[in-house]
Amino acid sequence: MAAQSLTAAFLVLVTTISSHLLTSTATHDPDDYLNAACNATRYPSLCVRSLAGFSRAAAPENPCLWARAAVVVTAVESERVGGYLAGLQRGGRMRGRRARAALADCVECLADAVSELRDALAELRQLQRTTFAWQMSNVETWVSAALTNQDTCLDGFAELQGKGAVVSVITSKVSNATYFTSNALALVNKLASTGGTS
Numbered sequence: 130m131a132a133q134s135l136t137a138a139f140l141v142l143v144t145t146i147s148s149h150l151l152t153s154t155a156t157h158d159p160d161d162y163l164n165a166a167c168n169a170t171r172y173p174s175l176c177v178r179s180l181a182g183f184s185r186a187a188a189p190e191n192p193c194l195w196a197r198a199a200v201v202v203t204a205v206e207s208e209r210v211g212g213y214l215a216g217l218q219r220g221g222r223m224r225g226r227r228a229r230a231a232l233a234d235c236v237e238c239l240a241d242a243v244s245e246l247r248d249a250l251a252e253l254r255q256l257q258r259t260t261f262a263w264q265m266s267n268v269e270t271w272v273s274a275a276l277t278n279q280d281t282c283l284d285g286f287a288e289l290q291g292k293g294a295v296v297s298v299i300t301s302k303v304s305n306a307t308y309f310t311s312n313a314l315a316l317v318n319k320l321a322s323t324g325g326t327s
């Protein structure tokens, strides 16, 4: 059900972006806007790759669309990683008390991160000029909290590095999720800096 809700959010975003395209009079190459937006992120190559699907179907000069797209793809990625971790937990593949405890904490942290990203997306869908600053403060808080939860997951495995292939895969997948979230936060911050004037 959760995966379906994120898929639905993704489809709604694509539909919204497509409707903006029909009324957009921008003459610039949409990829230029994507590259410019992603230059504000810590991982610009990942940003461009993950958002490239939106570059031709948007009013690409609008930072709100990039922020929303980034939060959607980040939530989808975090949910995918969380599902992988939950599968490991159900399968009992972690050996040792500390490793099992770290995995249990990680599953909880990723679930919290997904919930926070959903809250952020819901807020981004209903931005109003009169409450923009307050709403964006909420969005920034939620995306930051999601990143903190992912980092907390990684901290739990820090002392287990070199303890097997499963630990390496976990840290790789969660680290990748943090890159998505870092980029989403940068694009959210960029939107917040507009003051709602875009």
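Note that the numbering used here has the sequence shown beginning at 130, numbered continuously upward.
Quick reminder that beta carbons are idealized off the backbone N, C-alpha and C, glycines included.
Judged by beta-carbon spacing, alanine 315 lies beyond the 8 angstroms limit of threonine 203, meaning their Cβ atoms are not closer than that value. The beta carbons of alanine 274 and glutamate 245 sit closer together than 8 angstroms.
Apart from the 5 residues on each side of it in sequence, tyrosine 172 sits with its Cβ closer than 6 angstroms to the Cβ of Tyr308 and Asn312 in its chain, given in chain order. Taken in chain order, the whole alpha helix (DSSP H) runs of length 4 or more contained in the region 215 to 270 are 226 to 253. Closest by C-alpha distance to arginine 229, out of Phe261, Thr310, Ile299 and Arg178, is Ile299. Contact between methionine 223 and valine 272 is absent: CB atoms are separated by about 29 angstroms, not below the 8 angstroms threshold. Closest option to glutamine 218, judged by alpha-carbon separation, among Leu180, Ala231 and Gln257: Ala231.
Scanning Glu190, Val243, Asn191 and Pro189 for the CA closest to the CA of glycine 212 turns up Val243.
Lysine 292 sits in coil when the DSSP states are folded into three classes, being neither helix nor strand. The continuous alpha helix (DSSP H) containing proline 173 extends over residues 173 to 180. The alpha-carbon of threonine 326 is positioned some 27 angstroms away from that of leucine 276. A Cβ-Cβ separation of about 25 angstroms leaves glutamine 264 out of contact with alanine 306 under the 8 angstroms criterion.
By the C-beta density criterion, serine 184 is buried, having at least 16 other C-beta atoms within 10 angstroms. Annotation for alanine 199: Leu180, Asn312, Ala313 and Leu316 place their beta carbon closer than 7 angstroms to its own, counting only its chain and skipping 5 residues before and after.
Within a 10 Å sphere around the beta-carbon of aspartate 158 sit fewer than 16 other beta-carbons, which makes this residue exposed. With 16 or more neighbouring CB atoms inside 10 Å of its own CB, glutamate 206 falls in the buried class.
Shown here, alanine 274 sits in a helix according to DSSP, grouped into three states. Within its own chain, the residues whose Cβ lies closer than 6 angstroms to the Cβ of cysteine 176, once the five positions on either side in sequence are excluded, are Cys167, Thr170 and Asn312, listed in chain order.
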